[in-house]
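Read left to right, the sequence shown gives residues 29 to 318 (our numbering). Below is one structure; the comments refer to it alone.
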Amino acid sequence: MRRLRTRFLVSLSLLLSVAAVAAAAAAPKPHVVLVAGTWHYSPQLTLPLFAQELERLGFRTTVVVGEGDPEKRTANVLPGIDALATADVAVFFMRFLQLPDREWQPVEDYLKAGKPVIGLRTASHAFKYPKGHPRYPWNDGFGRRAIGTPYLVHQAGTTQVTAVPKYRTHPIMSHVVQTEWISPGTLYLTRLEGGCVPLLTGTGRGNARLMEREFGPFQVHEVEADIVAWAWKNEWGGKVFGTSLGHPGDFAEESFTRMLVNSVCWAVEKPLPGPGERIATWNLKQAEKK
């Protein structure tokens, strides 16, 4: 009798395991839409590669990229941007765009739905509408309201990146072993909104100069340090991972690509890759020259 009971329990356990695997396989994959809206820093090359890695990890992806330099177009700039309507997460890598009404509306609808936003490098200055245009406030507002900072200025040369010890336990930092590395991209200065959680800082060199912006003047020093990656919740309730990293050379650093993967998983509350899960990197020498 005891042997029969043991066999029954083992069989039941196996059936439950098979059912769990089948249920997981049948569950819809989170949809990630990656928007490459510039040729600056070559996201038209890096985002499709990152999308392949997300597909491997159980996501469904759509890469939105137009033909020709999107910064020089005012119509048919980002064909396929309607995919944001079904996105669970959006990754924005755009710069100085003037989207027409039909292409702008999916972006605004997505933001105001309170869905997660991941903004890379030039996303802080994603738009450049002329003064007097109804969307002129979004030139500063997209970076500030959607991602957590407007664009201020950038330094020259490389950036020394350091993880913030206090926030090493944040989910986006899970299994990020490297705590210091050099980014080949220049340091961007930020003006972060309240509530941003600093994950990485960076130090870079440049010319000392006085800058004047609409919000007021500020002095840039020869050596500057600033936050280069952060987590946040924007005004619409959307989870945010923002970073001024995103140079093609950053995709050769596993710490960076792991943070990107972690941020997507964190955004949709999907289990994070474990320490034994290798995260892809890419050495894009040709793209680095652009």
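Glycine residues also receive a C-beta, built at the ideal position from the N, C-alpha and C atoms. As the structure is a computational prediction, the values presented were derived from the model and not from experiment.
Residue range 129-140 is occupied by the alpha helix (DSSP H) that includes LEU139. Residue ARG237 holds the alpha-carbon nearest to the alpha-carbon of PRO245 among ARG237, VAL251, GLU297. Its Cα nearest to that of LEU85, the residue VAL289 stands out among VAL289, ALA141, TRP294. A direct Cα-to-Cα measurement between TRP264 and GLY304 gives close to 36 Å. A direct Cα-to-Cα measurement between PHE124 and HIS68 gives close to 10 Å. For CYS224, same chain residues with a beta-carbon under 6 Å away, outside a window of 5 residues either side, are GLY176, TRP258, TRP260 in chain order. Assigned with DSSP and collapsed to three states, ARG219 falls in coil, not helix or strand.
Of LEU82, LEU228, GLU95, the smallest CA-CA separation from GLN72 is found for GLU95. Under DSSP, GLN183 shares a beta bridge with no residue. A straight-line Cα-Cα distance of about 14 Å links GLY185 and HIS249. Taking a contact as a CB-CB distance under 8 Å, the pair THR89 and GLU83 counts as one, their CB atoms being some 6 Å apart. Counting only unbroken stretches of 3 or more residues, the beta strand (DSSP E) elements lying wholly within the stretch 81-123 are 88-93, 117-122, in sequence order. DSSP places THR207 in the coil class of the three-state scheme, outside both helix and strand. At a cut-off of 4 residues, the continuous stretches assigned as alpha helix (DSSP H) that sit fully inside the stretch 275-312 are 282-296.
The stretch 180-197 makes contact with the stretch 212-224, as at least three CB pairs between them are under 8 Å. According to the DSSP assignment, TRP258 belongs to the beta strand (DSSP E) that extends over 251-261. Annotated as proximal: ALA253 and GLY230, with beta-carbon spacing under 8 Å.
Under the 10 Å beta carbon count, MET201 is surrounded by 16 or more other beta carbons and is classified as buried.
Non-local C-beta neighbours of ARG241 in its own chain, meaning closer than 8 Å and more than five positions away in sequence, comprise LEU180, ordered along the chain. By the Cβ-count criterion, ILE146 is buried, with 16 or more other Cβ atoms from all chains shown falling within 10 Å of its own Cβ.
Contact between ARG163 and TRP132 holds, with the beta-carbon distance rounding to 7 Å and staying under 8 Å. A distance of 8 Å or more separates the beta carbons of VAL192 and VAL256. In chain order, SER152, ASP168, GLY171, ARG172, ARG219 place their CB closer than 7 Å to the CB of PRO178, counting only its own chain and leaving out the 5 sequence neighbours on each side.
The residue among VAL61, VAL204, ALA154, PRO134 with its C-alpha nearest the C-alpha of GLY302 is VAL204.
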